[in-house]
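For reference, the structure is listed below as structure tokens.
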Amino acid sequence: MQTTILVLSIVQLLALLVLLCCLRVIWARLPLTLEDEAAAWKAQAEAHRAKPPKLTPEERAQVAAYRAKRKDAATDAQSDLEVLALARLNPN
Numbered sequence: 189m190q191t192t193i194l195v196l197s198i199v200q201l202l203a204l205l206v207l208l209c210c211l212r213v214i215w216a217r218l219p220l221t222l223e224d225e226a227a228a229w230k231a232q233a234e235a236h237r238a239k240p241p242k243l244t245p246e247e248r249a250q251v252a253a254y255r256a257k258r259k260d261a262a263t264d265a266q267s268d269l270e271v272l273a274l275a276r277l278n279p280n
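Written out as structure tokens, the structure is:
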């Protein structure tokens, strides 16, 4: 009787240990909080603004064509990369 209780206690402790390990793995995979994610996005945007990626001649032509087609001041205030994204999202 005592041996059975001891074995059951050990099995329960092992099961609890496995459960805690699984919870730790699940917790590590959870996404960041919204504040942390927003800070990461802002840092990435600042890095892109500080050193924007180089556009290929074809992409520069797309930007120029989109700006010429739109002819509004809204695209003048935006970076070439932002205008390229708009041109790809709104091909018409």
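Residue 280, in our numbering, is where the sequence shown stops; the numbers in between run on with no holes. Even for Gly, the Cβ is constructed at its ideal location relative to N, Cα and C.
- By the neighbour-count criterion, in which 16 or more other beta carbons inside 10 Å mark a residue as buried, V271 falls on the buried side.
- In the three-state reduction of the DSSP assignment, A233 falls in the helix class, which pools H, G and I.
- The C-alpha of S267 is placed about 15 Å away from the C-alpha of L277.
- A Cβ-Cβ separation of about 7 Å places L269 in contact with P241 under the 8 Å criterion.
- A275 sits close to A253, with the two beta carbons spaced by under 9 Å.
- The beta carbon of A249 lies closer than 6 Å to none in the same chain, with the five residues before and after it left out.
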